[in-house]
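Residue numbers (my numbering): 4 to 424.
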């Protein structure tokens, strides 16, 4: 019997957690069926040649090829908008869902290494710090590439990926980047490698738990799972961002501003393309309905989780359990993300873990706080990769308090945030 017996996603319920569902009436045989099913699924995902993530990754190439063909074609705006969004679903967001699951499994596996003692927390941080994702490439390219080339690669990104009112990088580059203060890029990361003892321990665990891979193949999956999750998001948001740009162009031709279009239902553009309905009339109707619904939602505040009908009438904001990234400590002034001129060496507060905020990492920020997001969210992975102390998903209450402070002390190792001023 191996010295450690709790490892891998299928065992997050296995052994210790499977015992807890016995209290809900699951028999020993039923718990064993669950464990075997999760083991089988895990094997299908992590397989080095036939893993489910391989097929999802291949669809990203189709997405990019179709987008280039579509944008260069001599077709009308509605047709391009329709197919950009349709392709984003078929070859972007659907594969991303699978790759995001692979990334989640990779993080859970790494955490399980720490839990059972195969890894130290420093090993965990070193592995994530050595991964090369789109954000590290963005930071490197911003320091090395000329402005035109850089914006051709990353110009589609925007804070608030789904917000038509949020300018793209290439629409307002001066808002996000100071082109006169580009740093000399120094890659301080080093490749992570397992020790011989760790490889032997992991090999024993793989065999004990019936996972059909070896340590080397497993770590290839762990790296690919995390990197491809972020790459898939980068590519499907390009389709989405290009569609929003074309919607803005269409609205301008119809005398509608982006502020007006922000209230429209995205489904009406599909309807206009498929049914050939009068564009302006349909858009005006959609905008009016959107404004009416928005006015209604402004009157409502709901709890993050509704467990009973009574919750909508009276509730308290629950305390959130933040996710602390890295083992570092930092004392720094606090700024809102919108104040990009003065964010260097500051702790920056942003509402959510959105890839459109990757521009922040080009300003040598000292720390990061987000209101929403989990331990496997985009910004959590980015902060780990960049070695930046961060507190992710602090919740509405904490975010309001900490974002309004002037000076904070983040102790990620001690899992605490202290207001100094």
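Heads up, the beta-carbon is just placed ideally off N, CA and C, and yes, glycines get one too.
What do you get for residue i, buried or exposed, if any count of 16 or more other CB atoms within 10 angstroms of its CB means buried?
i, result
"residue 249", "buried"
"residue 152", "exposed"
"residue 33", "exposed"
"residue 349", "buried"
"residue 214", "buried"
"residue 88", "buried"
"residue 300", "exposed"
"residue 111", "buried"
"residue 70", "buried"
"residue 182", "exposed"
"residue 282", "buried"
"residue 4", "Only weak support is given to the placement of residue 4: the predicted model assigns it a pLDDT of 38, under 50, and the question is left unresolved by the model."
"residue 298", "exposed"
"residue 312", "exposed"
"residue 211", "exposed"
Under 8 Å by Cβ, that's how I've got residue i and residue j pegged, so tell me the actual separation to the nearest angstrom.
i, j, result
"residue 48", "residue 105", "6 Å"
"residue 376", "residue 346", "About 19 Å; that fails the 8 Å criterion."
"residue 246", "residue 84", "5 Å"
"residue 81", "residue 276", "4 Å"
"residue 209", "residue 198", "The pair is not a contact, with the Cβ atoms about 16 Å apart (cut-off 8 Å)."
"residue 195", "residue 129", "5 Å"
"residue 227", "residue 56", "7 Å"
In the DSSP assignment, find the beta strand (DSSP E) that holds residue i and state where it starts and stops.
i, result
"residue 395", "393–395"
"residue 414", "410–414"
"residue 420", "419–422"
"residue 351", "350–353"
"residue 373", "370–373"
Relative to the C-alpha of residue i, which residue among the options is closest?
i, options, result
"residue 405", "417, 337, 251", "337"
"residue 95", "63, 71, 203", "63"
"residue 52", "373, 220, 412, 309", "220"
"residue 135", "414, 402, 234", "234"
"residue 200", "299, 122, 306", "122"
"residue 305", "314, 37, 407", "314"
"residue 261", "211, 167, 227, 276", "167"
"residue 400", "364, 325, 368, 36", "325"
"residue 225", "109, 277, 35, 232", "109"
"residue 351", "238, 50, 407, 180", "407"
"residue 90", "98, 79, 66, 78", "66"
"residue 428", "369, 378, 254, 25", "Outside the displayed range of the chain (4 to 424) lies residue 428, so it cannot be described from this structure."
"residue 140", "237, 309, 92, 165", "237"
"residue 402", "424, 309, 371", "371"
"residue 417", "124, 150, 75", "124"
"residue 256", "36, 35, 79", "79"
May I ask which residues mark the beginning and end of the alpha helix (DSSP H) holding residue i?
i, result
"residue 273", "270–278"
"residue 330", "Note, residue 330: premise wrong, no alpha helix (DSSP H); not H, not E."
"residue 93", "Careful: residue 93 lies outside any alpha helix (DSSP H) and carries neither H nor E."
"residue 219", "218–256"
"residue 316", "Element bounds for residue 316: n/a, residue is neither H nor E."
"residue 49", "31–49"
"residue 130", "124–132"
"residue 26", "Here residue 26 belongs to no alpha helix (DSSP H), and DSSP marks it neither H nor E."
"residue 174", "Unbroken run through residue 174: none, as it is neither H nor E."
"residue 59", "55–75"
"residue 402", "398–406"
"residue 206", "199–211"
"residue 161", "Element bounds for residue 161: n/a, residue is neither H nor E."
"residue 138", "137–147"
"residue 298", "282–300"
"residue 388", "381–389"
"residue 263", "261–264"
Apart from the five residues on each side of it in sequence, which residues of its chain come closer than 8 Å, Cβ to Cβ, to residue i?
i, result
"residue 290", "259, 263, 264, 266, 267"
"residue 131", "113, 229, 384, 387, 388"
"residue 148", "156"
"residue 72", "none"
"residue 171", "158, 159, 160, 161, 244, 248"
"residue 142", "188, 364, 365, 389"
"residue 269", "88"
"residue 127", "113, 114, 116, 117"
Can you give me the Cβ contacts of residue i inside the same chain, cut-off strictly under 6 Å, excluding the 5 residues immediately before and after it?
i, result
"residue 398", "323"
"residue 6", "Caution is warranted here: a pLDDT of 37 is assigned to residue 6, below 50, making its placement in the model unreliable, and the coordinate value is therefore given only provisionally. Taken in chain order, the list of residues that qualify is empty."
"residue 331", "392, 415"
"residue 241", "159"
"residue 353", "340, 360, 373"
"residue 334", "412"
"residue 231", "60, 102"
"residue 362", "179"
Enumerate in chain order the residues of its own chain whose CB-to-CB distance from residue i is below 7 Å, with the five nearest sequence positions on each side excluded.
i, result
"residue 271", "285, 286, 289"
"residue 185", "145, 146"
"residue 86", "73"
"residue 137", "233, 234, 237"
"residue 204", "121"
Against chain B, with Cβ distances strictly below 7 Å, would residue i count as a contact?
i, result
"residue 226", "As a matter of chain content, chain B is missing from the structure shown, which is built from one protein chain."
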